[in-house]
Amino acid sequence: QVQLVESGGGVVQPGGSLRLSCAASGFTFSNHGMHWVRQAPGKGLEWVAFIGHDGSNKYYADSVKGRFTISRDNSKNTLFLQMISLRAEDTAVYYCAKDRRSYHDSSGHYYVLDHWGQGTLVTVSS
Amino acid sequence: DIQMTQSPSSLSASVGDRVTITCRASQSISSYLNWYQQKAGKAPKLLIYATSSLQSGVPSRFSGSGSGTDFTLTITSLQPEDSATYYCQQSYSISPITFGHGTRLEI
Chain A
1 QVQLVESGGG
11 VVQPGGSLRL
21 SCAASGFTFS
31 NHGMHWVRQA
41 PGKGLEWVAF
51 IGHDGSNKYY
61 ADSVKGRFTI
71 SRDNSKNTLF
81 LQMISLRAED
91 TAVYYCAKDR
101 RSYHDSSGHY
111 YVLDHWGQGT
121 LVTVSS
Chain B
1001 DIQMTQSPSS
1011 LSASVGDRVT
1021 ITCRASQSIS
1031 SYLNWYQQKA
1041 GKAPKLLIYA
1051 TSSLQSGVPS
1061 RFSGSGSGTD
1071 FTLTITSLQP
1081 EDSATYYCQQ
1091 SYSISPITFG
1101 HGTRLEI
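Protein chains in written order, with the working numbering: chain A, 1 to 126; chain B, 1001 to 1107.
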């Protein structure tokens, strides 16, 4: 079955950096786009970033553009989120999520998040 | 950005009831609308994609409808385990993907 396991969260000071990882298993990782979504304490879901199956396409929320970088290593079935210049408002649980559509599929919608990890908490505080 | 507006923000219902949650997009998104369920302390779970397609393993008491800008999630024969927050999400535009603010359902 599909498994997504995030790691790398923790407490960091404002202006600091952190790198999140998401280890994927149970599906052909290199066939699917991947997302990061975050949820601030007590708040709703906020999409953060997307990367295409081969890493060639990347999209970001305006709130993180220029500070966060999404990447992937298909040889290791791992997704990453490099975060720099962290702010208090970046405090959240960060989820990685799999895009439902495989690049092999001839039809179907992209950007449907069909499996999610358990999340990793990032706290930005002095 | 495409804004997603959900209503109500919260509701209370009883076991066996039927409830409807509404999601409105700020522009037409065709059928590019998905619904997620999030239970307290857990990750979100995909319920319905492309407006009305039931994700594998999701009970048939969940259904979705709509098109363009107005969409609904309907849950019939409510069960205690349906207590959760429900989010809609548009997948029409990647820049950016947007979620509704959520509807908290108390059983």
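Heads up, the beta-carbon is just placed ideally off N, CA and C, and yes, glycines get one too.
Might you give, ordered along the chain, the residues of its own chain that have their beta carbon closer than 7 Å to the beta carbon of residue i, omitting 5 neighbours on each side?
{"i": "B/PRO1008", "result": "THR1103"}
{"i": "A/HIS115", "result": "VAL2, LEU4, ALA97, LYS98"}
Among the residues of its own chain, which have a CB less than 8 Å from the CB of residue i, if the five just before and after it don't count?
{"i": "B/PRO1080", "result": "VAL1015, ILE1107"}
{"i": "B/THR1069", "result": "ARG1024, ALA1025, SER1026, GLN1027, SER1028, ILE1029"}
{"i": "A/LEU67", "result": "Rather than Leu, the amino acid found at residue 67 of chain A in this sequence is Arg. So the qualifying residues of the chain are MET83, ILE84, SER85, LEU86."}
Taking the C-alpha atoms as reference points, what is the distance between residue i and residue j?
{"i": "B/TRP1011", "j": "A/SER75", "result": "Residue identity check: residue 1011 of chain B is Leu in the sequence provided, not Trp. Near 46 Å, if we compare the C-alpha coordinates of A/SER75 and B/LEU1011."}
{"i": "A/TYR59", "j": "A/GLY33", "result": "11 Å"}
{"i": "A/PHE50", "j": "A/PRO14", "result": "24 Å"}
{"i": "A/HIS53", "j": "B/LEU1078", "result": "38 Å"}
{"i": "B/LEU1105", "j": "B/SER1067", "result": "23 Å"}
{"i": "B/GLN1089", "j": "B/TRP1035", "result": "6 Å"}
{"i": "A/HIS109", "j": "A/SER126", "result": "42 Å"}
{"i": "B/LYS1039", "j": "A/GLN118", "result": "12 Å"}
{"i": "B/LYS1050", "j": "A/HIS35", "result": "It is worth fixing the name first, because residue 1050 of chain B is Ala in this sequence and not Lys. Cα to Cα, the separation comes out at about 18 Å."}
{"i": "A/SER16", "j": "A/ALA23", "result": "For clarity, residue 16 of chain A is Gly in the given sequence; the question names Ser instead. The alpha-carbon atoms of A/GLY16 and A/ALA23 are separated by roughly 23 Å."}
{"i": "B/LEU1033", "j": "B/SER1095", "result": "15 Å"}
{"i": "B/SER1053", "j": "A/LEU79", "result": "28 Å"}
May I ask you to report which of helix, strand or coil DSSP gives residue i?
{"i": "A/ALA92", "result": "strand"}
{"i": "A/ASP105", "result": "coil"}
{"i": "B/ASP1070", "result": "strand"}
{"i": "A/ASP99", "result": "strand"}
{"i": "A/ASP140", "result": "Not covered by the structure: residue 140 of chain A. The range shown for chain A is 1 to 126."}
Which same chain residues, not among the five before or five after residue i, have their C-beta less than 6 Å away from its C-beta?
{"i": "A/ASP62", "result": "none"}
{"i": "A/ARG129", "result": "Because chain A is modelled from 1 through 126, residue 129 of chain A falls outside the range shown and cannot be assessed."}
{"i": "A/ILE70", "result": "ALA49, ILE51, LYS58, LEU81"}
{"i": "B/GLY1100", "result": "MET1004, GLN1006, CYS1023, TYR1087, CYS1088"}
Determine which residues share a DSSP beta bridge with residue i and list them.
{"i": "A/GLY10", "result": "A/VAL122"}
{"i": "B/LYS1045", "result": "B/GLN1037"}
{"i": "A/GLN3", "result": "A/SER25"}
{"i": "B/TYR1087", "result": "B/TYR1036"}
{"i": "B/THR1098", "result": "B/GLN1090"}
{"i": "B/GLU1106", "result": "B/SER1012"}
{"i": "B/SER1056", "result": "Looking at the DSSP assignment, B/SER1056 forms no beta bridge with any residue, so it has no partner."}
{"i": "B/ILE1075", "result": "B/VAL1019, B/PHE1062"}
Practice item. Note down, one range per segment and in chain order, each alpha helix (DSSP H) of at least 4 residues found wholly within the stretch 1006-1033 of chain B. Key: Qualifying alpha helix (DSSP H) stretches: none in this window.
Check your understanding: What are the uninterrupted segments assigned as beta strand (DSSP E) that are 3 or more residues long and contained completely in the stretch 19-84 of chain A, given in chain order?
Key -> Fully enclosed beta strand (DSSP E) runs of 3 or longer: 32-39, 45-51, 58-60, 68-73, 78-83.
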